[in-house]
Amino acid sequence: MMNYSYKPPKVKASTKLVDVIDENEEFVCNFKRSYKNPFIRLADFFLDHNFFVQIDVFTENGKLKYQGKKIPRWGKTQYKIVNYDTQEEYHISYVSWQTINPELLIKSKFGEFIVKKDLVDWARCYYEGVEIARWKMKTTELFKTYLEIECHSPIKEPEFFVCLFQCVFYIGD
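Using the working numbering, read the sequence shown as starting at 28 and increasing by one per residue.
Following this line, the structure appears as structure tokens:
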């Protein structure tokens, strides 16, 4: 199992670059929230900082690896994550309407993944019915966030899971 942690900004609208570290306290990648332009940022301010969501995740060399975006729609919100190395797209949509314990479906050429979030427990990602990753933000540790990826996961890149969970559970709503 691979373990990672980071401390996201305490303000949703922050565009501060956040470092992700592994269990050996070594830098792995970083991410930040981005806005297309100042007008979008201003509009997002009036829309409670969760309407225009874009997370950019960078490799340890500073190269853009993944970009996640919220696609606002009437009804169920959707998200899209793009891998800039392979141009692979992941489409994320809500399976359930529950806001407390949501369930999401991720579709890609790898197949389908399911993410289930429990209010007081980990958000868990499943592939073919087997748990492959989990994410948890601890309020008791000033919102320190933990990510664990199983060795048998078809996606082993922490950049993907950081992008996914930050988009959907930290800012998304």
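All C-beta atoms, glycine included, are put in the ideal place defined by N, C-alpha and C.
message: How far does the beta strand (DSSP E) with C152 in it extend, from its first residue to its last?
response: As a working note, residue 152 is residue 125 in the sequence shown. Residues A150 to Y154.
query: Would DSSP call F188 helix, strand or coil?
result: As a position in the sequence shown, residue 188 is number 161, starting the count at 1. In this structure, F188 counts as helix in the three-state DSSP scheme.
query: How big is the Cα-Cα spacing for V55 and V45?
result: As a position in the sequence shown, residue 55 is number 28, starting the count at 1. As a position in the sequence shown, residue 45 is number 18, starting the count at 1. Roughly 11 Å separates the two Cα atoms.
query: Would P181 be called buried (16 or more neighbouring beta carbons within 10 Å of its own) or exposed?
result: As a first step, residue 181 must be located in the sequence shown, where it is residue number 154. Counting Cβ neighbours within 10 Å, P181 comes out exposed, since fewer than 16 surround it.
I48 vs Y31 beta-carbon contact at 8 Å: Taking the sequence shown and counting its residues from 1, the one referred to as residue 48 is at position 21. Taking the sequence shown and counting its residues from 1, the one referred to as residue 31 is at position 4. Contact flag set, yes.
task: Would you verify that the beta carbon of E50 is, or is not, closer than 8 Å to some beta carbon of chain D?
output: The displayed structure is made up of one protein chain only, and chain D is not part of it.
- request: Apply the 10 Å Cβ neighbour rule to N57 and answer buried if 16 or more other Cβ atoms are within range, or exposed otherwise.
  value: In the sequence shown, the residue the question calls residue 57 occupies position 30. The residue in question, N57, is buried, as its Cβ has 16 or more Cβ neighbours within 10 Å.
- prompt: Relative to the alpha-carbon of L8, which residue among W124, P36 and R68 has its alpha-carbon at the smallest distance?
  reply: There is no way to answer for residue 8, as the model of the chain reaches only from 28 to 200.
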